[in-house]
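Asker:
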Amino acid sequence: MQIIKTSKKPILTILCLTHGDEVFGKEIFDYFTNNTTQYPGLQLILCNEEAYSHTKRFIETDLNRSYPGNQKGSHEERLAYKITPLIASTPYMIDVHNTKTDMQMVPIISTDNEDVRAIISFTKAKYIALMPRKTQSASTIDMSLAGVGLEFNEKYAKTKAALNEVIKIVKGITQKKQNADKLSRTIFEIAGTIPLDVKLPKDATNFHYYKEIPGYTFLVGDNSYKDHQGFYATKTKKIKL
Numbered sequence: 609m610q611i612i613k614t615s616k617k618p619i620l621t622i623l624c625l626t627h628g629d630e631v632f633g634k635e636i637f638d639y640f641t642n643n644t645t646q647y648p649g650l651q652l653i654l655c656n657e658e659a660y661s662h663t664k665r666f667i668e669t670d671l672n673r674s675y676p677g678n679q680k681g682s683h684e685e686r687l688a689y690k691i692t693p694l695i696a697s698t699p700y701m702i703d704v705h706n707t708k709t710d711m712q713m714v715p716i717i718s719t720d721n722e723d724v725r726a727i728i729s730f731t732k733a734k735y736i737a738l739m740p741r742k743t744q745s746a747s748t749i750d751m752s753l754a755g756v757g758l759e760f761n762e763k764y765a766k767t768k769a770a771l772n773e774v775i776k777i778v779k780g781i782t783q784k785k786q787n788a789d790k791l792s793r794t795i796f797e798i799a800g801t802i803p804l805d806v807k808l809p810k811d812a813t814n815f816h817y818y819k820e821i822p823g824y825t826f827l828v829g830d831n832s833y834k835d836h837q838g839f840y841a842t843k844t845k846k847i848k849l
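In this text, residue positions in the sequence shown follow our numbering: the first is 609, and each later residue adds one.
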C-alpha cells in the first residue's frame, strides 16, 4: 500500500486499486502523484498492490467487502484496517473502479447528503446507484460520510474524458467550488442482487426495468460476480445537480 499526501491536511481521499485488476485506479494514482503541486488537498492511496502485481481482483477476500477490517485477518482485511482511519482523516472520499458493463460512469453511494451530492455534481453521470449503508462486511464508501464509488466502463476509462472527470471532482472539492451546470439525474435505490436462476433477456442493459426481476438492473454483464447476475433497484428518485 502506498500513501501520497499533497498537503498536510488533505480534503479529499482517492482510493485506487481497491481491486487489483481494475487498472484505471493505477493510472489515476500515477497521474496525481506526478502532478502533486497542481492539486493540493489530496490524499492518494494505492490500496491492493499485491493483487495488482498478480493481475487479480483480490488475494484472499474482496477488499471492497472487508471493512472496517481486522488487524489479524485476511490480506484484504488487514489492508482495510489500515485504510479505515485514513479515510476518516478527510471529509470527502472517492473510490475508483472499472466495469465491463455497458455504463459509461456511474457513481455508487451508500448515503445521500449534501457532501455526497457535491462530489457527484462535478461528474457527467445521469444515473446514480444508492446501496444502503452496511456495518458488517461493509464497502469502502460505508467508511466515509461523504464517500462515492466511481464505476468507469473499461473502454471509457482509457479516454482523456474519464481522467478529466476525476480531475474536475478534485478541483471542485479541494477548491470548494460549486458546479454551475445543473443536470437532471436519477437515483436508483438498490434492493438486492439478481439470483442466477432469474432468466433475463440476453441483451439486458443497465438501468432498465425488467419484469423478470421485477426491478431496474444495475451492473448486469459484470463477470466478476460469481454468485449472482448483478443488482436490482425497486425505487427511483429524480434530482437536479
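Ideal Cβ placement from N, Cα and C applies to all residues, glycine included.
Start and end of the alpha helix (DSSP H) containing Glu759?
Answerer: That residue, Glu759, is in no alpha helix (DSSP H); its beta strand (DSSP E) goes 755-761.
Asker: Quick test of the definition: if touching needs 3 or more C-beta pairs under 8 Å, does the stretch 751-762 touch the stretch 798-818?
Answerer: The stretch 751-762, when compared against the stretch 798-818, does not touch it at the 8 Å Cβ threshold.
Asker: Beta-carbon within less than 8 Å of Gly800's beta-carbon, same chain only, minus the 5 sequence neighbours each way: which residues are those?
Answerer: Cβ within range, chain order: Phe839, Tyr840.
Asker: Answer with yes or no whether the minimum CB distance from Thr842 to chain C is below 7 Å.
Answerer: Here chain C cannot be found, since the structure has a single protein chain.
Asker: State the CB to CB distance for the pair Leu671 and Ala696, rounded to an integer number of angstroms; the pair is presumed to be in contact (CB under 8 Å).
Answerer: Contact doesn't hold; Cβ gap of about 17 Å is too wide.
Asker: Can you give me the C-alpha to C-alpha distance between Lys763 and Ser615, rounded to a whole angstrom?
Answerer: Answer to the nearest angstrom: the Cα atoms are 32 Å apart.
Asker: Assuming Glu684 is part of the alpha helix (DSSP H), what are its boundary residues?
Answerer: 683-696 is the span of the alpha helix (DSSP H), which, as asked, contains Glu684.
Asker: For Thr782, I'd like the list of residues in its chain whose CB is within less than 8 Å of its CB, leaving aside the five on either flank, ordered along the chain.
Answerer: Within the same chain, Thr782 has close Cβ partners Ile619, Leu620, Tyr647, Pro648, Gly649, Leu650.
Asker: Please classify Ser832: is it buried, with 16 or more other beta-carbons within 10 angstroms of its beta-carbon, or exposed?
Answerer: Counting Cβ neighbours within 10 Å, Ser832 comes out exposed, since fewer than 16 surround it.
Asker: Looking at the structure shown, is Ala769 part of a helix, part of a strand, or coil, going by DSSP?
Answerer: Residue state, collapsed to three classes: helix.
Asker: Going by beta-carbon coordinates alone, are Ile691 and Ile736 separated by less than 7 Å?
Answerer: Result no, Cβ atoms of Ile691 and Ile736 do not sit closer than 7 Å.
Asker: Look at the alpha carbon of Lys846 and the alpha carbon of Lys734, and state the distance between them as a whole number of angstroms.
Answerer: Approximately 10 Å between the Cα atoms of the pair.
Asker: Indicate whether Ala659 and Gly681 have their beta-carbon atoms separated by less than 7 Å.
Answerer: The answer is no: Cβ separation not under 7 Å.
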